[in-house]
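Residue numbers (the numbering used here), protein chains in the order written: chain Z, -10 to 339; chain F, -10 to 339; chain H, -10 to 339; chain G, -10 to 339; chain A, -10 to 339.
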Amino acid sequence: STRLPLDSYAVCARDKRDMTISYSDQFFKLLLRWKGSLWKTIWKDLALYLLLYYTINMVYRFGMTDENQAKFLRYIVLFNGWTHEIPLTFLLGFYVAMIIRRWWEQCQWISWPDQLLFNVSALIRGNEPETRIIRRTIARYCILSSVLAWRSVSLRVLMRYPTDEHLVTSGLMNQEEYEMFRQIEVKVDPHKKWFVPLNWIQTMLVRCLEQERLTHSNELRGLLDNLNHYRQGFFQLFLYDWITIPLVYTQVATISVYGFFAFTLIGRQFPSVNDAKESVDLYLPVFTILQFLFYIGWLKVGEDLMFPFGADDEDFEFNYILDRNFEMAYLIVDDLHGQVPPCYVDSLNA
Amino acid sequence: STRLPLDSYAVCARDKRDMTISYSDQFFKLLLRWKGSLWKTIWKDLALYLLLYYTINMVYRFGMTDENQAKFLRYIVLFNGWTHEIPLTFLLGFYVAMIIRRWWEQCQWISWPDQLLFNVSALIRGNEPETRIIRRTIARYCILSSVLAWRSVSLRVLMRYPTDEHLVTSGLMNQEEYEMFRQIEVKVDPHKKWFVPLNWIQTMLVRCLEQERLTHSNELRGLLDNLNHYRQGFFQLFLYDWITIPLVYTQVATISVYGFFAFTLIGRQFPSVNDAKESVDLYLPVFTILQFLFYIGWLKVGEDLMFPFGADDEDFEFNYILDRNFEMAYLIVDDLHGQVPPCYVDSLNA
Amino acid sequence: STRLPLDSYAVCARDKRDMTISYSDQFFKLLLRWKGSLWKTIWKDLALYLLLYYTINMVYRFGMTDENQAKFLRYIVLFNGWTHEIPLTFLLGFYVAMIIRRWWEQCQWISWPDQLLFNVSALIRGNEPETRIIRRTIARYCILSSVLAWRSVSLRVLMRYPTDEHLVTSGLMNQEEYEMFRQIEVKVDPHKKWFVPLNWIQTMLVRCLEQERLTHSNELRGLLDNLNHYRQGFFQLFLYDWITIPLVYTQVATISVYGFFAFTLIGRQFPSVNDAKESVDLYLPVFTILQFLFYIGWLKVGEDLMFPFGADDEDFEFNYILDRNFEMAYLIVDDLHGQVPPCYVDSLNA
Amino acid sequence: STRLPLDSYAVCARDKRDMTISYSDQFFKLLLRWKGSLWKTIWKDLALYLLLYYTINMVYRFGMTDENQAKFLRYIVLFNGWTHEIPLTFLLGFYVAMIIRRWWEQCQWISWPDQLLFNVSALIRGNEPETRIIRRTIARYCILSSVLAWRSVSLRVLMRYPTDEHLVTSGLMNQEEYEMFRQIEVKVDPHKKWFVPLNWIQTMLVRCLEQERLTHSNELRGLLDNLNHYRQGFFQLFLYDWITIPLVYTQVATISVYGFFAFTLIGRQFPSVNDAKESVDLYLPVFTILQFLFYIGWLKVGEDLMFPFGADDEDFEFNYILDRNFEMAYLIVDDLHGQVPPCYVDSLNA
Amino acid sequence: STRLPLDSYAVCARDKRDMTISYSDQFFKLLLRWKGSLWKTIWKDLALYLLLYYTINMVYRFGMTDENQAKFLRYIVLFNGWTHEIPLTFLLGFYVAMIIRRWWEQCQWISWPDQLLFNVSALIRGNEPETRIIRRTIARYCILSSVLAWRSVSLRVLMRYPTDEHLVTSGLMNQEEYEMFRQIEVKVDPHKKWFVPLNWIQTMLVRCLEQERLTHSNELRGLLDNLNHYRQGFFQLFLYDWITIPLVYTQVATISVYGFFAFTLIGRQFPSVNDAKESVDLYLPVFTILQFLFYIGWLKVGEDLMFPFGADDEDFEFNYILDRNFEMAYLIVDDLHGQVPPCYVDSLNA
């Protein structure tokens, strides 16, 4: 779930002020939201299910002799009995808990350049053009490597920068860098050359030490640690992408849920018998629909979060993240570099 | 749940001394508390539920012929049978466990300036006015950035400082700083310019090194690490605010619980039949009320903790935290700076 | 659960040697222990429950006409049916799992001064009186701050040092320090001035650097990191004390369990009917008693661990910890300072 | 689950572009995959089960007198009743959750040389042959030690390098190193001499400091920390290999699942009776087959992930990892060493 | 579960090569293992249970009049009904999950001297006798302190070194060290003087700095950090030993499981009635035996892992660990110190 970036501060501020003390009202509004909601995710499956259900229902009611109906009723009772024995809840509970944990961990591994760039701004000081351009280039390479890395896990980023030429066009790379980049070959790793701009940053930092822009090798080490942490964020996302949840687990969960509803197609036909052996007709399988919302909805939670890098409503908005990082990066290393209001000693008495 | 700040030490000390060895008595008192309690959170829903329940009950008892009653009884049995099949407990168990984990993690990410300021006090030494004012300004910027950051996640802080002018009025910012602050523009990130005072602190630390108030670039690095940790606390709260629990999950949980009680509106009507097929009339659906407390109460635990930054009883008291941090900040960097009792060598023989 | 401190090494060593290979025997002995046991924690509740149960039972058996008994039996069946539908186990499972996790985390946040003091011993070297007194004073302030901090969370420590004067009497503070301490004012934070001795330690460390007892500012930084870690331990305990488990959760758990047993008071009366509709009389509700042990016992696990700083059998023995830390502190910084057996080169050939 | 290494970038990029917005279609395709799937893992067990089931079914239908059939039917009902009482789901839920956590932790402990080698490239600078050969040798020893270490936990690596001679043949070791390696003896530790190349790297780093290729002992410490982290990855895998999940737990899970299906062999025979005591004949035990997929499939998830170092479809592809690391290692320390595009000051105005 | 140390590499290598692609065969072999197995852990309890069961069975079949049998049958039905209502699975699931987590955490806290000693080897350089003896003595003190520490938690280590004299005899301590060690007194802490050899190591490291064997105080700090990490491992094990799982929890779990089987002694007697009210006789309570394996087995998982420091099959083999560490320690600090194969520049062209 994502808030829209632009203008949202004002909105969200007003929102909060309008809120009454209790969140309950807002909570019910949440239930009715469409975007990223249960309703949107489930309506196709539910429509298909009801179509099948009423087809069978019509055949049962109008296409069968009384004798066949009685015979079929036995199967209804048998199948209905079975539906009580499938403990979907636990399976889904454990399965979805695991997926949510993975999903949140992935979200935590998203690399933000802030820490690295704040340190660059603190340690590579000065406003002469040479130093400014070094800081700005480091910032640009940070964004460039995140585009290269996320392109191989996120559909949104891939659609924005489908080829390397788009990187040049968008100004993330100049022609000379592109030539240098093109000549590097990576054959085995499917994520290819995402780390190259980070290597360039590393070389720039090393040069800064050699040119005595950094005054102590400790400062280099601090920057290298930050750079490594930044790189680690991409690498971990590849790991989550590469080693997914075992297929068998997903298949077991999916087959169980859909198998359950296959059995209800017969077991929940009306007229049926209640616990007191009385025949009851309800025309609409209200309870089964509730269960459908419940179980299929829960399964969809898992499906949606399993691949959080797509373009669905619930997926991470990498494009917003890129825009935000781009703006922040230049603010930190350039516009706000060395800014500080003056201190007045006489304020001490105030 | 929060203890009241002022005077509470004395109170809580007395409290504890009055306690008997066993906590059990205190425990039962907890059950009867109103503030932040189950009773307060649930009474409106319960009243509405009972209203609906007795409306149906009255129609059933007084508005139906005997024949219709018999027919309706069949539905009661059917619906009652269904209510046994909704495994709310597991769903709620997993759902609330996840929310509580998130809630506690958020609570752990609240930024406290103590560590940063203790280090500032240890490394930027001296009591001449210039140095004191530097330390005090760093402390003030710490608080300022926490107000700016928390304002976009916490309703309480937003109500206390609704606009930037309030920051000037309250003395967190002077006019000159406000002008400088106003000229910075952040377009993409909805949390805007919260990090600016932290950038100012960074520049001040860098200046301290350049002016040789810090004697070694290692000391700068230590302070930058602390500053980064402090900034990280705000950033993480934004992340939790931005990437919420998937809406589908919340909808599944809420619909299941309310769906369950919709079914009980019919399935738990009295007179009903017990397991031995005997008709029993109880007038008050005591068991269903217990289930209401149980399930709706549990769901409310989740709702309350999902947005812990509001103004509810259970929400984090950011205003208290701000006051506490403000007092501590100045104590650490100014009042207690360099304080130490004298050591006497002759105490060695004691 | 705590082992007794003194003499226990010998005891526990003998214990272990007496053990057979299998722990099973020891395990059964555990079941019969009284201190900190299920039996001790539950007997009052169970006695009360049985009193209520037999009161109703007597009325049912001797105070009712046959007709009333038959009518009452219907209610018994109805209530008994209900008792099968309360899924206490999951609720308790999730609830107690969360409490146990918190409890263990709190236990991990107990501050031990060993690491800080070992580093003090390694870096502030020398056996001349001035240096020794510095190390010993740091050790004393460590203990002093832990007393001040734990006093506001632990009943045991509060009972041992109820006022600041007790600190002076016990020798943790001298009169001069007490005066200095008394003049510091903390108004907002309810935990008051626990951090002051840690500030004194910090100033002493800074002085050591200025007086060149520490040879490099890196050494100061290492000590400050250790000091901060030590302080963090107290702060986290305050956090756990301040932000408790949501009251609603506790109320839901408690009401569900006691509600369940309220229903069994009627639903489990004897003579009852078994699954084959035969009347069976057992006089003693053995099964319900087992459930009582099970559910109430489990709930008590949660209650006991929720406030682990009291004076119950299961609570942390802060007094033992204080004694242990006191002894260790002086051993590390003074008695064992600089101790090492001589190395003999000729042992190389052995 | 593993993506194939070579050419997969292009493939996966195309894949993603072809995807519609919703993942659902792709999701159903997942269900039908064979490699690493439920179907592949379960078909043998299912075939055996159905064979046994129909053997008993044939005997029951054709080999029994009516009297015996009636008698046998009683047992069917009894056994069927039992099958409802085995709560496999929870057991499997907890069991598989634990195994998956372990499996993912192991996956996180796989050692990647990137961080160490990036630091080597940053700190041991220069393109003269002596320095290049040092960096390349360090890279080679990294790979060598990972082969030595993984060989004792992974079947794939063992099959690729079954003896030490294969290391020489493949060029990971030269003859001189092999001689030196052979003379070292490790008797107790079953993982033998995997750490020796890491010791060589350590000595090389120390020599670099002594020869002033490293300019400060801090740089050595940084590299040693990285080296230690790299070594830790292997050591932890040994620990997971050595201290496995308690055998009893696995036995309990396996026996319960297979025991359950042993009881269904009799309890689920057709013709059977449904809840309304009517005889129903279905010829194919569809529901039991669904349960088979469900329970045995879930158990297989656990079995497959318990030993993730084999050669199964779900197992870690260490050979791919080795190839990838080999390519990356030389890229980092040699081909990309010191590479950086030039910065142009006039780009500042762009 | 532990692999045997000596010769096991060869064995396990052969093992792995013999494996077919699928682990399934090996998996079934696991089920039949005796050492550390379910069968070994459970057979005594099962035998006792069956003895009691058949005693009651014999009385019921041969020692009762028909009337009494009919009466007893009622109780059988009642008790059998109860056995369905005890939700042992969840209790055991949560209980065992917690114990396994603790067990694995303890396993992770086992101290291995590798990291400390690799750093000692890197930083305290030289092969002259004085330096060698320092490194070797540090290695020996590492092992010595682990023996002293583990002796108070592990039965195996205690049996190997029951008194301090055994330490001298085994060569871990010389006479002079023993005298020095004996004179130190620790009264409060039950783990006594385990940390003393670590204090000696610390003093030796400090001396190395003073004698300029270490060239920078940073190196000392690195070594002290490693030493502290090593000490932390012992301390944490003491913490796990001291603050055990709350006794009430264990009692609740144990009483529930054994209570359940007490009820089955009557409730599962044969001949009984099935769900269709038909009398069925099975002579052997096969289903109850399966449940016995299941529940008692699961409980035993918990019991075995609760005290992992005994001498059971599943317990940590501290003696193997000591032997392994002893061998590794001397290899690292002495035999392999400074070893590295020569680099040849001309290999660059290869």
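From the three backbone atoms N, C-alpha and C, an ideal C-beta is built for every residue, glycine too.
Span of the alpha helix (DSSP H), counted from its first residue to its last, around residue i
{"i": "Lys182 of chain H", "result": "It is not in any alpha helix (DSSP H) - Lys182 of chain H carries neither H nor E in the DSSP assignment."}
{"i": "Asn308 of chain G", "result": "Phe307 to Tyr319"}
{"i": "Asn116 of chain A", "result": "Element bounds for Asn116 of chain A: n/a, residue is neither H nor E."}
{"i": "Thr30 of chain G", "result": "Leu27 to Phe51"}
{"i": "Leu203 of chain G", "result": "Counting along the chain, Leu203 of chain G falls outside any alpha helix (DSSP H), and DSSP gives it neither H nor E."}
{"i": "Met169 of chain G", "result": "Gln164 to Arg171"}
{"i": "Asp55 of chain G", "result": "Asp55 to Thr72"}
{"i": "Cys96 of chain F", "result": "Leu77 to Gln97"}
{"i": "Ile234 of chain F", "result": "Segment: none, Ile234 of chain F is in no alpha helix (DSSP H) and carries neither H nor E."}
Contacts that residue i makes with chain G (C-beta to C-beta distance below 9 Å)
{"i": "Met53 of chain Z", "result": "Correct list: empty, because the minimum Cβ distance to chain G is about 17 Å."}
{"i": "Leu213 of chain Z", "result": "Phe107, Asn108, Ala111, Leu112 and Gly211"}
{"i": "Arg22 of chain A", "result": "Leu236 and Gln240"}
Reference residue i, options the options, closest by Cα
{"i": "Phe249 of chain Z", "options": "Z:Leu62, Z:Ile278 and Z:Phe223", "result": "Z:Ile278"}
{"i": "Gly70 of chain F", "options": "F:Leu147, F:Glu56 and F:Arg257", "result": "F:Arg257"}
{"i": "Leu67 of chain F", "options": "Z:Asp270, Z:Glu306 and Z:Phe307", "result": "Z:Asp270"}
{"i": "Tyr43 of chain A", "options": "A:Pro274, A:Phe296, A:Leu216 and A:Tyr64", "result": "A:Pro274"}
{"i": "Glu166 of chain H", "options": "H:Leu133, H:Gly286, H:Asn116 and H:Ser143", "result": "H:Leu133"}
{"i": "Trp139 of chain Z", "options": "Z:Ser100, Z:Pro260, Z:Ile122 and Z:Leu198", "result": "Z:Ser100"}
{"i": "Asn340 of chain F", "options": "F:Asp34, F:Ile45 and F:Arg149", "result": "With chain F covering only -10 through 339, there is no way to say anything about residue 340 of chain F."}
{"i": "Leu254 of chain Z", "options": "Z:Val334, Z:Phe61, Z:Val290 and Z:Pro330", "result": "Z:Phe61"}
{"i": "Trp93 of chain F", "options": "H:Ala128, H:Tyr247 and H:Ile232", "result": "H:Ile232"}
{"i": "Gln104 of chain Z", "options": "F:Gly52, F:Leu294, F:His326 and F:His218", "result": "F:His218"}
{"i": "Trp32 of chain A", "options": "G:Leu282, G:Ala318, G:Val237 and G:Tyr247", "result": "G:Val237"}
Chain F contact residues for residue i, given Cβ-Cβ distances below 7 Å
{"i": "Ile89 of chain Z", "result": "Met87"}
Contacts that residue i makes with chain Z (C-beta to C-beta distance below 8 Å)
{"i": "Val237 of chain G", "result": "Going along chain Z, no residue has its Cβ under 8 Å from Val237 of chain G, so there is no contact; the nearest lies around 21 Å."}
Closer than 8 Å at the beta carbon, the chain A residues around residue i
{"i": "Asn188 of chain H", "result": "Per Cβ cutoff of 8 Å: no residues; Asn188 of chain H is ~23 Å from chain A at best."}
{"i": "Glu201 of chain H", "result": "By Cβ distance, chain A contributes nothing, its closest Cβ being about 13 Å from Glu201 of chain H, past 8 Å."}
{"i": "Trp71 of chain G", "result": "Phe276"}
7 Å Cβ cut-off: residues of chain A touching residue i
{"i": "Ser342 of chain G", "result": "Shown here, chain G extends from -10 to 339; a query on residue 342 of chain G therefore has no answer."}
Under 9 Å by beta carbon: chain F residues contacting residue i
{"i": "Phe252 of chain H", "result": "Val275, Phe276 and Leu279"}
Practice task
Below 8 Å between beta carbons is the criterion; list the residues of the region 98 to 123 of chain H that meet it against any residue of chain F, in chain order.
Solution key: For the region 98 to 123 of chain H, the set of residues with a beta-carbon nearer than 8 Å to any beta-carbon of chain F comprises Pro118, Glu119, Arg121, Ile122 and Ile123, in chain order.
Practice task
Determine contact between the region 78 to 90 of chain A and the region 212 to 222 of chain A, defined as no fewer than three beta-carbon pairs at a distance below 8 Å.
Solution key: These segments do not touch.
Exercise for the section: Note down, in chain order, all residues in the region 171 to 183 of chain F with a beta-carbon under 8 Å from any beta-carbon belonging to chain Z. Expected result: Answer in chain order: Ile173, Val175, Lys176, Val177, Asp178, Pro179, His180 and Lys181.
Problem - Interfacial residues, the region 321 to 336 of chain H to chain A, with Cβ spacing under 9 Å - result: Residues of the region 321 to 336 of chain H whose Cβ lies closer than 9 Å to any Cβ of chain A, in chain order: Ile321, Asp324, Leu325, His326, Gly327, Gln328, Val329, Pro330, Pro331, Cys332, Tyr333, Val334, Asp335 and Ser336.
Practice task
Please determine if the region 215 to 230 of chain F and the region 116 to 124 of chain F are in contact, where contact requires at least 3 C-beta pairs separated by less than 8 Å.
Solution key: The region 215 to 230 of chain F makes no contact with the region 116 to 124 of chain F, as fewer than three CB pairs between them are under 8 Å.
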